[in-house]
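Here the structure comes first, spelled out in structure tokens, and everything after it is commentary.
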Amino acid sequence: MKSVTIFWQSQSGNTFACVKAAAEELERAGTSVFLHHILAKEAPKFDTEVYIFAFPVYNFKPATAMRDFINNLPPEAKGKKALLVVNCSGAWSGTPYVMKKILKKKGIELCGGVLARGSESYILLRKYIKVLNNTGMPDQKELRKVRDFVSKAGKQELKPKFYMFNPLSLFYWLGVISPDNAPGKAFKNRLYDKEKCTLCGYCYSLCPSSAITRDADTLKCDENKCVGCCGCFNICPVNAWTTPVYKAENFYKGAYAKDLIKTLSKKENGK
Ligand SMILES: Cc1cc2nc3c(=O)[nH]c(=O)nc-3n(C[C@H](O)[C@H](O)[C@H](O)COP(=O)(O)O)c2cc1C
Ligand code: SF4
Ligand code: SF4
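Okay, so the sequence shown: first residue is 2 according to our numbering, each after it adds one.
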């Protein structure tokens with residue numbers, strides 16, 4: 002594999018850790034790697050040999066922003082081969098099958114994917130299911146899975162992979178019937194602490210639905226647009242966003258959030 006563009010989305014840092022592991026491994030093998038955060042304004046590098054789509058599973062399906070990004074890819078993406086690097090806390094449900102269908106519409110062939118498990122980032126589940134209230138995933142074992150996958154893929158000729166539709170998968174159907182903004186409904190009546198906020202820009206750079214906007218020296222959130230990715234709560238260094246129900250102790254301050262915001266601060270901070 003000579004060159005790869007990794008199109009990535011990560012709201013709390015877990016997928017970003019996998020992206021870094023994949024990029025390191027490929028570069029070590031001599032592949033030129035171009036990273037593109039799908040919410041960034043810069044134009045991606047489209048003329049690479051292989052595309053990797055790296056994203057979390059939300060709401061039993063691939064994250065909405067990634068699906069939208071792929072649906073809006075330009076015609077030059079046609080004919081490319083693609084791999085998936087997927088992150089989720091439980092099961093990836095019908096993710097490969099759904100992605101195969103979306104990519105096919107753009108003329109892109111899905112040739113394989115890897116799933117790495119990450120700590121739960123949905124703060125509703127973290128609050129009410131104590132066993133999910135952990136940090137530290139993806140750990141080295143999960144990151145090794147990602148490294149091994151891209152390393153193997155890089156040495157082979159990529160061929161389209163068959164992903165079977167499983168009509169008995171409950172999670173697949175939950176993904177089909179659940180509206181994209183369903184998780185966001187948990188975060189009504191948000192509170193924004195202007196005194197704490199440093200206007201660092203991380204939350205509104207990262208918000209996949211443009212729900213958070215800056216107006217002079219204050220921020221606003223359009224709750225109707227929020228898809229509930231929890232990025233703003235989880236990555237804000239000073240916990241300026243809370244709700245009457247969800248407070249800082251429920252947030253996921255995972256191992257990789259700091260790494261993620263360093264990347265944002267380089268490129269997108271202060272829009
Ligand atoms: C709104 C929301 C919905 C989620 N839905 C699922 C799901 O259906 N299945 C699953 O296994 N994990 C689910 N998760 C967990 C995330 O996929 C997991 O924490 C992932 O590692 C987050 O990656 P990120 O830090 O790169 O955003 C969900 C998380 C959020 C915030
Ligand atoms: S991440 Fe927190 S401190 Fe930074 S702009 Fe958003 S609310 Fe303010
Ligand atoms: S406002 Fe909603 S969609 Fe935007 S970052 Fe926060 S939780 Fe995610």
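Just so you know, even glycine gets a beta-carbon here, dropped at the ideal spot from N, CA and C. These numbers come from a predicted model, not from an experiment.
Quick one, are the C-beta atoms of V246 and K128 less than 9 Å apart? In contact: V246 and K128 (Cβ atoms closer than 9 Å).
Assuming G14 and G255 make a contact with CB atoms under 8 Å, what is their CB distance in whole Å? 6 Å
Rounded separation between M138 and L220 - CA only: Rounded to whole angstroms, M138 to L220 spans 31 Å at the Cα level.
Applying the criterion that 16 or more other CB atoms from any shown protein chain within 10 Å of the CB defines a buried residue, is S118 buried or exposed? Ser is not the amino acid found at residue 118; the sequence shown has Arg there. Label assigned to R118: buried.
For K195, which of K131, K186, P76 and D216 has the nearest alpha-carbon? It is D216 whose Cα lies nearest to the Cα of K195.
Residue from L84, K42, P161 and A249 with nearest C-alpha to S152: L84
Beta-carbon within less than 7 Å of S33's beta-carbon, same chain only, minus the 5 sequence neighbours each way: which residues are those? K3 and S4
Taking the alpha helix (DSSP H) that N235 belongs to, which residues open and close that run? G232 to I236
Taking the alpha carbon of D69 as the reference point, which residue from K156, E50, C89 and V99 has its own alpha carbon closest? V99
Beta bridge counterpart(s) of N88 as assigned by DSSP: P57 and A117
Going by C-alpha to C-alpha distance, which of F54, L261, G232 and I53 sits closest to A249? G232
If you run the structure through DSSP and keep just helix, strand and coil, what is R127? R127 falls in the helix class under three-state DSSP.
If you draw a straight line from the alpha carbon of T30 to that of T244, how long is it in whole angstroms? The question names Thr, yet the displayed sequence has Ala at residue 30. Answer to the nearest angstrom: the Cα atoms are 46 Å apart.
With three or more beta-carbon pairs closer than 8 Å as the criterion, would you say the segment 165-179 touches the segment 55-68? yes
Can at least three beta-carbon pairs, one atom from the segment 103-122 and one from the segment 132-151, be found at a separation below 8 Å? yes
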